[in-house]
Every structure is written in structure tokens, then in C-alpha cells.
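Mapping of the sequence shown onto our numbering: residues 32 to 321, in sequence order.
No residue lacks a Cβ here, since even glycine has one placed at the ideal position from N, Cα and C.
This one's a predicted model, so the numbers in the text were calculated from it and none came from an experiment.
These notes are about the structure you will find just below.
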Amino acid sequence: MSLYSYKVFLEVVDSGSFIKASEKLNLSPSAVSHAVKSLENEFGFSLLNRNRAGASVTSSGERVLPYIRSLIKIQNNLEQEVNIINNFDVGAVRIGLFSSVASNWFIKILHSFKQKYPGIDVIFQQGDYSDILSWLRSGTVDMAFTTDELARNNNFMPLKKDPLICVTSDDFVPLNFMSITPEDLRNSSLIINKECEEYDARKYLEANDLHPDAYYETVTHQTLFAMVREGMGICLIPELVASVAPQGVRKYPISGNPSRTIGISYSDSETVSPAARLLTDEIKEYISTL
């Protein structure tokens, strides 16, 4: 069984298309198709469903996919370790991000990392909490920014606490004039961003047995802040998200000081690649300056 065929198969799975895989691998579509067909012949069953829309994994393919990912990961880790021993910093690392980390931290981290290790490719994917969990479990990414609650059943390296705060319209005044209390929330409509912060807000509401009269759910932070500014409700979001709030809104601390802890999780903590270790060190170094 050829590792080359495994790599081609994984690229088709990840791209969802023989054409896209051929472009990524710099191969002809027929060469990609032949590699996958050869693997299917060796295994004795179909790995991919082929149709005009692209390619999808068969049920049998799903069963062997984690093992193939593991084999390729081990090979990549070995190659990276050999290169580092020989003073060649080359390799690749895939990392999952949620939006507030991507916009506030990761671009700076990536810029510094690429200056130090130009030979290491960093492939990042941005999604919501559920996307990140799925990517970690499937091995689609090597590592990801997560939170303490999100990574409850996964390995987790805490990095920094991120307080939950309340963003309101400019004319909103808390009952105690200083911070948001459960009483303020009982009398207000709540706006939630569905991408990630919905989980953080609902956790606080459930802990305080709060059931706001109305919910508004948005997809983007821009929409969320626009609705808050117009007085349509208030929102509970992590401070990192609120750092990009526009003028015309106010930010208040929340009683009880709720927070999330942002950290790093790995798809497999037993086989962390050299490139992933180097990126982790760069992340830790950046966080230490905040």
C-alpha cells in the first residue's frame, strides 16, 4: 500500500473534488483518479462516491479514513523531525481558529512565526465552536484554539482568561450604574451571535436561571453591534470580541466576573508534530506579552 495513494485520497476527501485535488497536488485529474482507484483495488472496496458535484466518502471510506490520516501524520512528523535535526525548518501545520482569535491575535502570531520559520506552511481554518471540535476529532487540523468548556473531553493547554462583558446602547444605564447584574438581564432583550458566543452567553444565563423576554440571533459581529447601537437589545460577549465594537455602544463588566479560558487543543496529543510544537511556542510567547 502506497503512502502516495493515501496522500492523494486525503486531498480528494478534504477538497471534495478530484479537480481541486489535482490542482493542489500539481497532478493531472487522471493521475489523481488512478491513485484513488489503485487504493480501492488494494482495499477491495470503494472509498469515494463520484458524481458531477465532486466526491464524497463512502461508509467504508469513513471507517478507514482516521487510520490513513494517522499514517500520513506520522510520516509528516518524521520528515519534519529529520529536517529539524538537519537544521532545515520545513513542514506544515493545520490550525483551527474562531473569529475573535483570528482577528485579534493570530495574524500577528502568524506574521512573527513566518519571519522565523519561512519554510513551515501554516494552514488555518476559521469556524465556530462546533466546527473546531469536529476538525479536532477527525484530524482535519493538527491543533486549534479552543476554550476550557469546549475542550472538556479533549487535551487542553490554557493560555488566557477572556472575561464575558455586556455591550449596550449608549443610553443604557445599569440598575447599579456600574455593572450588569442578573436583574438588568431579566428586563432586557438579548442579542446573541450564533458563531461562538451563543455558548458563552447561554452558560451564564443558565447559571443564573435567567430567561430573557426576547432573543435575537445574528451571524456576524457587525450585525450584532448595529442592533445593540439601535437599542434593540444588549449582548453578552467575550472581551476579545468586544474589542472591535464601534462607537455608539457602551461596555460594562458583569457581576460575578464570568469568563472563558482560551487555550490550545491538539487532535492527538501523543503525536504533536515538530511544526505544531514550534507554532505552540510562538503562540505562548505572544500571549505572554498581553
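Indicate the three-state DSSP secondary structure (helix, strand or coil) for Thr-171 in the structure shown.
-> Three-state DSSP puts Thr-171 in coil, outside helix and strand.
Take every Cβ of the segment 76-88, pair it with every Cβ of the segment 40-48, and state whether three or more of those distances are shorter than 8 Å.
-> yes
Can Ile-295 and Met-188 be called in contact, C-beta distance under 8 Å?
-> yes
C-alpha distance - Val-95 paired with Val-63, whole-angstrom precision | Going by the C-alpha atoms only, they are around 19 Å apart.
Go to Val-92, then tell me how far its alpha helix (DSSP H) extends in each direction, as first and last residue.
-> Per the sequence presented here, residue 92 reads as Gly, with Val not at that position. Residues 90-116.
Report all residues from its chain with a CB closer than 8 Å to the CB of Ser-300; omit the five preceding and five following residues, and keep chain order.
-> Taking C-beta separations shorter than 8 Å and ignoring five residues to either side along the sequence, the partners of Ser-300 in its chain run Asn-186, following chain order.
Asn-224 by DSSP, collapsed to three states: which one?
-> Note: Asn-224 maps to strand in three-state DSSP.
How is the alpha helix (DSSP H) around Ile-314 delimited, first residue to last?
-> 305-318
Status (buried if at least 16 other CB within 10 Å, exposed otherwise) for Gln-111 | Per the 10 Å Cβ criterion, buried.
Whether Val-198 touches Lys-282 by CB criterion (8 Å) | yes
Under a CB-based cut-off of 8 Å, is Ser-87 close to chain B?
-> Absent from the structure: chain B. Only one protein chain is present.
Quick one, are the C-beta atoms of Arg-125 and Val-172 less than 8 Å apart?
-> Yes, the pair counts as a contact, with Cβ atoms nearer than the cut-off.
As assigned by DSSP and simplified to three states, the class of Ser-123 | The residue you asked about is not Ser; residue 123 is Ala in the sequence shown. Ala-123: strand per DSSP, three-state reduction.
Could you have a look at Ala-86 and say whether DSSP puts it in helix, strand or coil?
-> strand
Which residues share a DSSP beta bridge with Ser-296?
-> Ala-175
Could you say if the segment 154-164 and the segment 95-110 meet the contact criterion of at least three C-beta pairs nearer than 8 Å?
-> no
Is it right to say Tyr-37 is buried, meaning 16 or more other beta carbons lie within 10 angstroms of its own, or is it exposed?
-> buried
Curious, which full-length beta strand (DSSP E) runs of at least 3 residues does the segment 266-292 contain?
-> 266-269 and 280-284
Going by CA-CA distance only, name the one from Arg-260, Ala-175 and Ser-69 that's closest to Ala-307.
-> Ala-175
In this structure, does DSSP put Leu-34 in helix, strand or coil?
-> DSSP places Leu-34 in the helix class (H, G or I) of the three-state scheme.
Identified DSSP bridge partners for Val-153 | DSSP, once it has assigned bridges, lists Val-124 as partnering Val-153.
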